[in-house]
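Asker:
Chains as they are written, first to last, in the working numbering: chain A, 780 to 1050; chain B, 2 to 319; chain C, 1099 to 1372.
Below you can see the structure in the form of structure tokens.
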């Protein structure tokens, strides 16, 4: 419960920052002003400015949009492809399920970053290609989870009851399996969201993700790396933002897992 | 031998067992009967000092020859008593046994922990003897098996051998045969009765099965809604029950007596969830005889060892 | 009505070692019997007797290794699920676990309507209301979820679902063994009422011969996948011919027996029951 609240608050703050940034930011986050470069925190610039004189708070706020965009795309791709694949591997013909499973294992052994670099090379580096790549690399973890939990559901008496009521394959998957694994999938989404945010930061840092001038937390890190010794603030600010975002989504995922755990649910019903 | 007085068990604010008092005499076999949610298993766990983390006990549990009260006693004292003077057989033998240890070693360990066997070799010999006592075939071979290689009945026998390893004064059995087939159940019941008789040990036998309790025990305590509603000799309570719940339970479980329409005598409604039992008499929301008087918690009528808590006992005020 | 001929089912365990062959479990061996329309047919057996396997084969939820199951002259085995619609309409199953057999994420009205939806039978809403009344549940129960009900009520929901497509045969697999004694009698009464009211043929599976004796007129006793005895339930109970049936009758403690002096030792000895 505590995890859920802390996670929800952290994620809520990021969403809020992203929403406000559409209407208002303290300064234009892309406004370059040589006169204001490398200023420390002040009344006007709460977290100071970077080496081009851009306001850090404004960059963080707009960067939050990128972060959420990234999460939604990557997790969306992974969940939408991975979940049906996993359910199919569990409910479909055995040999076909076996093939899905093996393909999955091969994907699992493929580093996400490598895939993203290849995508970047093939389709040009952008937030979208990076995220689709991260999403595809995350498909196996969804497929694996979906298959495992679908197998559990398929072994329950209520699926047996549905079969004896006259339901067949696809209807059982849609009516019984999906609703009963949805909770676990949502948890996985939240955890993967954190991983995607981190991956975007890493890719942007390598120059393969979000391209200038769009603000992104990962790029804020990259652009300031030479100044680590003189202006550590410029790295600490986006670094902390990334860490809090990952923590927020992970805690939210953990909290949701506790809520969706069927054993705990049974406990509550009895209690 | 065992004296329980005013035992209350609660999960936070939620009372699960209320004011339970009873005694088990030396060599006596007492049954604790109840349906799900009656608090019978919690009562047993409280006596054994093994309550779940979020559950607390109050009241007193006394064991002959032990100066301290077992409720609130140190874990140190309890662990010295458990397995030596007090022993328990659980419903699910698979979770009560260590899955990665040979069963003969688990029995031998019971002897070693309480230093009742001289050395490892002696403990091993004792273990084989105990396994023979619970009539496992080929103990030399079966003893070397791991729990998952045994059948449910065999595992339960191993558990009984462990419980009896140090000749306990009190044996508590919590639904030991519920998960077993009838033919296997019959053998285990026989072993339990023989085991306690040979040691002149006291038995507290928890079950939901009236026929089992009547077969095994001399005295019976009937629990419902976390309270003891009736107690007495098996032959009396189960033939002429006083509490309306006991009567209802007996009628409902009798598959041979039906009314003129061929129907069984059912009790209306369902057993409420924990904490949902009515105030006053716990049975009044399902009792055909309940009236305004039953809104008040009935006192105990009769002797401490034979009586009931019913305002309108069967054959009373009608 | 239901005919089972030389039915066998062998399960193959997954390999434990690449060197050794897969272990085989004979869940059913060469079982044959016939259930006539209007019977209350009991199947008794302990764990590992094959009774659950038999239920699944009769209900077309599993395929036999050998032998045949026919329902009203039509083969049940060897068909794909899509070609079993005649069976799904006429034969319905109630499972043992009143919690596990209801989808926790579905509302009760959707659970009860499932056979109707699956078999495209119209008039679902009215039928659900009718069924809730028939099994003694309040009309507003349909809006709620299974976990909001007690074990006995959940088994009523299960019964309502089974009756939805107006089947002629009801197969009940241990329907009361997970219930409290005080609730068991209610469900057994309800079952008897429904069987009578809708003129159902009942196949009742249990580990408890005394429950079968109360409910059924005919009984088949299974042991380790083999049919050891079949006959009139009173006859089998009073004068069991097979030694295993005798053991089964004797080992089950009864209140009457215990009160007249039968001890635990008597349950396993060869002495005749009083």
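Here a beta-carbon is modelled for each residue, glycine too, at the ideal position from N, C-alpha and C.
Predicted model only: the values in this text are computed from it and were never measured.
Output, in chain order, the set of chain A residues within a Cβ distance shorter than 7 Å of residue 1272/C.
Answerer: Position 174 of the third chain, counted from the start, is the residue given in the question as residue 1272/C. The contacting residues do not exist; residue 1272/C stays about 11 Å from chain A at best.
Asker: Mapping the DSSP letters down to three states, classify residue 1197/C as helix, strand or coil.
Answerer: As a working note, residue 1197/C is residue 99 in the third chain. Residue 1197/C falls in the coil class under three-state DSSP.
Asker: Alpha carbon to alpha carbon, how far is residue 206/B from residue 197/B? Give it in angstroms, no decimals.
Answerer: Stepping through the second chain from its first residue, residue 197/B is reached at position 196. Stepping through the second chain from its first residue, residue 206/B is reached at position 205. If I take the Cα positions, the gap works out to 11 Å.
Asker: By the three-class DSSP mapping on this structure, what secondary structure does residue 1129/C have?
Answerer: Counting from 1 along the third chain, the entry for residue 1129/C is found at position 31. In the structure shown, residue 1129/C sits in a strand (DSSP, three-state: E or B).
Asker: Following the continuous alpha helix (DSSP H) through residue 248/B, name the residue where it begins and the one where it ends.
Answerer: As a working note, residue 248/B is residue 247 in the second chain. Element bounds for residue 248/B: 245–254.
Asker: What residues match up with residue 1190/C in a beta bridge as DSSP calls it?
Answerer: For the purposes of this step, residue 1190/C is taken as residue 92 along the third chain, with counting starting at 1. Residue 1190/C pairs with 1268/C.
Asker: Mind listing the chain A neighbours of residue 1279/C? Cutoff is C-beta to C-beta under 7 Å, in chain order.
Answerer: Taking the first residue of the third chain as 1, we reach residue 1279/C at position 181. Correct list: empty, because the minimum Cβ distance to chain A is about 19 Å.
Asker: Does the distance from the CB of residue 211/B to the CB of residue 1353/C come in under 8 Å?
Answerer: To locate residue 211/B, count along the second chain from 1; it is residue 210. To locate residue 1353/C, count along the third chain from 1; it is residue 255. Their beta carbons are under 8 Å apart, which means residue 211/B touches residue 1353/C by this criterion.
Asker: Check whether the stretch 819–839 of chain A and the stretch 937–946 of chain A touch, using three or more Cβ-Cβ pairs below 8 Å as the test.
Answerer: No: fewer than three Cβ pairs fall under 8 Å.
Asker: Can you tell which of 247/B, 18/B and 176/B has the C-alpha that lies nearest to the C-alpha of residue 9/B?
Answerer: Along the second chain, one-based indexing puts residue 9/B at 8. When each option's Cα is compared against that of residue 9/B, the closest is 18/B.
Asker: State buried or exposed for residue 807/A, treating a residue as buried only when at least 16 other CB atoms are found within 10 Å of its CB.
Answerer: Here residue 807/A refers to the residue found at position 28 when the first chain is read from its first residue. Its Cβ having fewer than 16 others within 10 Å, residue 807/A is exposed.
Asker: State the Cα-Cα distance for the pair residue 162/B and residue 110/B, rounded to the nearest angstrom.
Answerer: The residue labelled residue 162/B in the question sits at position 161 within the second chain. The residue labelled residue 110/B in the question sits at position 109 within the second chain. Cα-Cα distance, rounded: 12 Å.
Asker: Is it buried or exposed, residue 240/B, if we count other Cβ atoms within 10 angstroms and call 16 or more buried?
Answerer: In the second chain, residue 240/B corresponds to position 239, counting from 1. So residue 240/B ends up on the exposed side.
Asker: Thinking just about the alpha-carbon of each residue, which of 275/B, 313/B, 129/B and 261/B is nearest to the one in residue 299/B?
Answerer: As a working note, residue 299/B is residue 298 in the second chain. The shortest C-alpha separation from residue 299/B is found at 313/B.
Asker: Of all the residues that make up the stretch 1177–1190 of chain C, which are near chain A by a beta-carbon distance shorter than 7 Å?
Answerer: Per Cβ criterion, the list reads 1179, 1180, 1183, 1186 and 1190.
Asker: Using a Cβ-Cβ distance cut-off of 8 Å, determine whether residue 1046/A contacts chain C.
Answerer: The residue labelled residue 1046/A in the question sits at position 267 within the first chain. Low per-residue confidence applies at residue 1046/A: pLDDT is 40, beneath 50, and the placement is therefore not dependable enough to give any value.
Asker: Does the beta carbon of residue 1/B sit closer than 8 Å to a beta carbon anywhere in chain C?
Answerer: Residue numbering for chain B in the displayed model covers 2 to 319; residue 1/B lies beyond these limits and cannot be assessed.
Asker: Excluding the 5 residues preceding and the 5 following residue 38/B in the sequence, name in chain order all residues of the same chain whose CB lies nearer than 6 Å to its CB.
Answerer: Against the second chain, residue 38/B aligns to sequence position 37. Excluding residues within five positions, the ones whose Cβ falls inside 6 Å are 272 and 275.
Asker: Return the residue from the list 964/A, 994/A and 980/A that minimises the CA-CA distance to residue 804/A.
Answerer: On the first chain, position 25 is the one that residue 804/A refers to. For the residues 964/A, 994/A and 980/A, the minimum Cα distance to residue 804/A belongs to 994/A.
Asker: Tell me, which residues are paired with residue 4/B by DSSP?
Answerer: Here residue 4/B refers to the residue found at position 3 of the second chain. In the DSSP output, where bridge partners are listed per residue, residue 4/B has 24/B and 63/B.
Asker: Is there contact between the stretch 1236–1250 of chain C and the stretch 974–984 of chain A, where contact requires at least three CB pairs shorter than 8 Å?
Answerer: Output reads no: the stretch 974–984 of chain A does not touch the stretch 1236–1250 of chain C.
Asker: Quick check on DSSP: helix, strand or coil for residue 947/A?
Answerer: Indexing the first chain from 1 puts residue 947/A at position 168. If DSSP states are grouped into helix, strand and coil, residue 947/A belongs with coil.
Asker: Starting from the beta carbon of residue 1228/C, find every residue of chain A whose beta carbon is closer than 9 Å, and list them in chain order.
Answerer: Against the third chain, residue 1228/C aligns to sequence position 130. In chain order: nothing, as chain A lies at least about 17 Å away.
Asker: Starting from residue 117/B, follow the alpha helix (DSSP H) in both directions and report where the run begins and ends.
Answerer: The residue labelled residue 117/B in the question sits at position 116 within the second chain. Run containing residue 117/B: none; DSSP gives neither H nor E here.
Asker: Rounded to whole angstroms, what's the CA-CA distance from residue 1370/C to residue 1347/C? Just pull it up for me.
Answerer: Residue 1370/C sits at position 272 when you count from the first residue of the third chain. Residue 1347/C sits at position 249 when you count from the first residue of the third chain. A caution first: residue 1370/C carries a pLDDT of 48, below 50, which makes its placement in the model too unreliable to give a value.
Asker: Rounded to whole angstroms, what is the Cα-Cα separation between residue 317/B and residue 263/B?
Answerer: Counting from one through the second chain, the residue named residue 317/B turns up at place 316. Counting from one through the second chain, the residue named residue 263/B turns up at place 262. Roughly 28 Å separates the two Cα atoms.
Asker: Can you tell me whether DSSP reads residue 1124/C as helix, strand or coil?
Answerer: Residue 1124/C sits at position 26 when you count from the first residue of the third chain. Strand, per DSSP.
Asker: In whole angstroms, what is the alpha-carbon distance linking residue 1044/A and residue 234/B?
Answerer: Counting from 1 along the first chain, the entry for residue 1044/A is found at position 265. Counting from 1 along the second chain, the entry for residue 234/B is found at position 233. The predicted position of residue 1044/A is uncertain, since its pLDDT is 45 and thus under 50; no value can be drawn from it.
Asker: Quick check on residue 1331/C - is its C-beta less than 8 Å from some C-beta in chain B?
Answerer: Residue mapping note: residue 1331/C aligns to position 233 of the third chain, counting from 1. Answer no: the Cβ-Cβ gap between residue 1331/C and chain B never drops below 8 Å.
Asker: Of all the options 1116/C, 1313/C, 1357/C and 1322/C, which has the alpha carbon lying nearest to the alpha carbon of residue 1140/C?
Answerer: In the third chain, counting from the first residue as 1, residue 1140/C sits at position 42. The shortest C-alpha separation from residue 1140/C is found at 1313/C.
Asker: Could you check where the alpha helix (DSSP H) with residue 43/B kicks off and where it finishes?
Answerer: By one-based count along the second chain, residue 43/B stands at place 42. 41–49 is the span of the alpha helix (DSSP H), which, as asked, contains residue 43/B.
Asker: Could you have a look at residue 1057/C and say whether DSSP puts it in helix, strand or coil?
Answerer: For residue 1057/C there is no data in the structure shown, the boundaries of chain C being 1099 and 1372.
Asker: Count the other C-beta atoms from every protein chain shown that fall within 10 angstroms of the C-beta of residue 801/A, then say buried if there are 16 or more, exposed otherwise.
Answerer: What you label residue 801/A is simply residue 22 of the first chain in a count that begins at 1. Answer is exposed; the Cβ neighbour count stays below 16.
Asker: Any C-beta of chain C within less than 7 Å: which residues of the stretch 210–226 of chain B qualify?
Answerer: Those residues of the stretch 210–226 of chain B that come within reach of chain C (Cβ to Cβ, closer than 7 Å) are 211, 212, 213, 215, 216 and 217.
Asker: Could you tell me the alpha carbon to alpha carbon distance between residue 146/B and residue 1124/C, rounded to whole angstroms?
Answerer: Position 145 of the second chain, counted from the start, is the residue given in the question as residue 146/B. Position 26 of the third chain, counted from the start, is the residue given in the question as residue 1124/C. If you take the alpha carbons of residue 146/B and residue 1124/C, they lie about 24 Å apart.
Asker: Answer yes or no: does any C-beta atom of chain C fall closer than 8 Å to that of residue 67/B?
Answerer: Stepping through the second chain from its first residue, residue 67/B is reached at position 66. Not closer than 8 Å to any Cβ of chain C, the Cβ of residue 67/B fails to qualify, so no.
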